[in-house]
Structures are given as C-alpha cells and as structure tokens.
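With the first letter of the sequence shown counted as 1, position 249 gets the number 249 in UniProt numbering; the numbers rise by one all the way through.
First the structure, in the form of structure tokens, and then the observations on it.
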Amino acid sequence: MQLEALLNYPRALPAMPRTVSDLLAEMNKEDPNPRRVGDLISRDPALTTRVLRLSNSAFFRVSRKIGSADEAVALLGLTHVRSLVMAAALGSSFKNVPGIDLKQFWRYSLRSAEIARSLAGLLHQNEGNAFTAGLIHGIGILIMHIAMPDEIGPVDMGTPPLDLQRASAEMAAFGYSYAEVGAGMVEKWQFPSEMVSALANQVSPFEGEAYDPLAGLLHLASWRARAEELQLDNSGLVATFPDMVGLTLGLDLDSVLGKDPSEWSFSQALGAFVD
C-alpha cells in the first residue's frame with residue numbers, strides 16, 4: 001500500500017475525539033485558560049480517568065494524589081497535561097491491533113517517553129514536547145498493522161515490530177516506515193509542526209538536509225527502549241549504540257544509559273492504555 005493511500009485509509013486513523021479537539025484548540029492559544037482546560041477534561045469521564053492514572057504514576061513523582069483534572073493542571077502545568085491528554089486519547093483509540101501486543105507496545109512507548117524527557121532535560125530542550133514525542137513516536141506501527149495486516153505480516157516474521165532494524169525492513173518492503181506514517185497521522189490531528197517533523201525525521205535525524213534535535217532525542221530514546229525490550233547485554237549496547245546521532249547531540253553511550261528510568265515496568269501508567 002502506498003503511503004498516501006495508507007494515510008487516507010478510513011479505518012487506519014482514529015478520529016480525534018471532540019473533547020481532545022476542543023482541548024488542543026484551547027491549549028494552542030497564545031494564552032490558554034487553565035480553568036477551561038480542566039473543565040474540558042472533566043466533561044469526558046473516560047478521558048479524566050486515564051489522565052488521572054497517568055498523573056498519579058511514577059512519571060511525575062507528585063507529592064500528593066491528584067484527584068481531579070483541575071488539580072492535574074495546577075500541579076503538572078499545561079505542557080504536561082497536553083501530553084497526558086494526547087496519550088489518553090491514543091490509548092482509548094487503539095483497542096485491538098492485529099499482530100501487536102498492545103501491553104508491550106505501550107510499555108515500550110512509555111519507556112521511550114521517559115528517556116526522551118530525561119535526555120531533553122540534559123540538553124536543555126523542552127521536556128514536555130520530548131515526552132509527548134516519545135510517547136507517540138511509534139504510533140505508525142499500529143496504523144500499518146490496522147490498515148495493511150496481510151502486507152505487514154511477512155515483515156513481522158523476519159523483523160519484529162520492536163527490532164532495532166525495523167525501520168530499515170519497512171523501507172525495503174514499502175519505501176516508507178512507521179516514522180512517516182506516524183508523522184502523517186499527527187499532522188492530520190493538527191499537532192505542532194515541531195512534533196510532525198520529529199516523528200518524520202526520527203529514523204535519520206541528521207541526514208541530508210535534516211537537522212532535527214528532537215528527532216535525534218527520539219532516535220536515542222527509542223534505541224534504548226528497544227534495547228531493553230530485547231534484553232541486550234553490555235556488548236550488545238556498545239555494538240548497536242547510534243554513535244553518530246549521539247555525537248551530533250553531544251551524548252555518549254554512558255550519558256544515555258545514565259538516563260534509564262528508575263523503574264522499567266511502568267505498571268501503573270500502563271493502566272491508561274491497556275484496560
């Protein structure tokens with residue numbers, strides 16, 4: 001299936017829920033109203049439940065339990081709440097995906113998000129944007145499995161979805177990868193252009209005319225999260241580390257490993273994605 005046909009496949013891209021659309025419109029304003037953001041979240045009970053699960057997870061290390069959308073906005077700030085809203089919306093949109101273990105996929109995505117945020121702090125980049133990008137960077141994998149299960153099956157057999165060579169295998173088979181698919185989806189969902197660019201360039205963030213530091217963070221974060229899923233030992237980490245991306249960002253292997261999550265399973269946060 002051609003990329004344009006895939007992005008226009010009616011069942012591949014979940015429709016943005018009205019609540020999320022209204023929230024994005026408010027949060028994209030020059031001076032968003034925190035009270036209205038909290039009110040909009042509260043209007044959708046399922047969205048509220050998922051946002052609160054994430055808010056109270058180990059990611060944010062809040063000093064007390066967050067019990068309402070208004071409290072989440074007050075304690076976490078609008079940047080992180082935006083991340084949580086998008087994560088919760090995506091978690092509710094993909095229920096059954098052929099050939100994908102959704103628990104593993106969202107665990108991997110949460111790991112990528114946490115590592116991306118930590119690396120962003122190290123490089124003085126926007127941590128909220130890095131967290132969101134890390135969380136959604138692999139969404140193209142789900143879309144491809146929904147829209148083209150018969151075509152993606154043989155690729156899965158040779159190179160599983162979370163393999164380090166997955167993007168290369170998809171490029172060889174289709175001429176595009178989950179990166180371009182994910183970028184196309186978030187563009188349709190009217191994400192900021194910075195996010196669209198990061199997803200599109202995550203496989204090769206500094207090649208050709210591309211110079212995208214956020215995409216570079218995604219590249220390193222997803223490498224680390226995949227390496228953990230594959231249980232690579234020290235020699236495997238050394239052999240597969242994306243050294244040219246790290247060099248461009250000024251990060252070596254030890255500095256990336258130093259941003260590993262303190263807790264790899266994220267069992268509480270997974271509840272926002274897998275019921």
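C-beta: ideal position from N, C-alpha, C; glycine also.
Relative to Ala113, the option among Leu122, Gly134, Lys95 whose CA is nearest is Gly134.
Residue Ala179 holds the alpha-carbon nearest to the alpha-carbon of Ser204 among Gly184, Ala179, Phe191.
In the DSSP assignment, Met171 falls within the alpha helix (DSSP H) that extends over 166-174.
Ranking Ile41, Asn201, Met195, Arg117 by CA distance to the CA of Phe60 puts Arg117 first.
Just measuring C-alpha positions, the residue of Leu54, Ser83, Ile115, Ala272 sitting nearest Val20 is Ser83.
With a cut-off of 8 Å on Cβ pairs, the stretch 27-38 is not in contact with the stretch 87-98, counting fewer than three such pairs. Burial state of Asn129 is buried, judged by a 10 Å Cβ sphere holding 16 or more other Cβ atoms. From the listed residues Gln104, Asn28, Phe105, the smallest Cα separation to Thr79 is found for Asn28. For Gly128, the enclosing alpha helix (DSSP H) starts and ends at 127-136. Around the beta carbon of Asn8, a 10 Å sphere encloses fewer than 16 other beta carbons of the protein chains shown; the residue is thus reported as exposed.
In this structure, DSSP gives Gln2 a state outside helix and strand, which the three-state scheme calls coil.
Around the beta carbon of Gln165, a 10 Å sphere encloses fewer than 16 other beta carbons of the protein chains shown; the residue is thus reported as exposed.
Residues Glu26 of the same chain have their beta carbon placed closer than 8 Å to that of Asn33, with the five preceding and five following residues left out of the count.
At a Cβ-Cβ threshold of 8 Å, Ile115 and Ala239 do not count as neighbours. Scanning its chain for C-beta atoms nearer than 7 Å, with the 5 sequence neighbours on each side dropped, one finds around His137 the residues Ser112, Gly182, Leu199, Gln202, Leu218, Ser222, in chain order.
In the three-state scheme derived from DSSP, where H, G and I count as helix and E and B as strand, Phe241 is classed as coil. Taking all protein chains shown into account, His124 has fewer than 16 neighbouring C-beta atoms within 10 Å of its C-beta and is therefore exposed. For Thr48, same chain residues with a beta-carbon under 7 Å away, outside a window of 5 residues either side, are Ile41, Ser42, Ala69 in chain order. For Arg226, the closest C-alpha among the options Ser63, Trp264, Gly153 is that of Trp264. Taking Leu214 as reference, the option from Gly67, Ile146, Glu127 with the minimal CA-CA separation is Glu127. A residue is called buried when at least 16 other Cβ atoms come within 10 angstroms of its Cβ; Ala147 meets this threshold and is buried.
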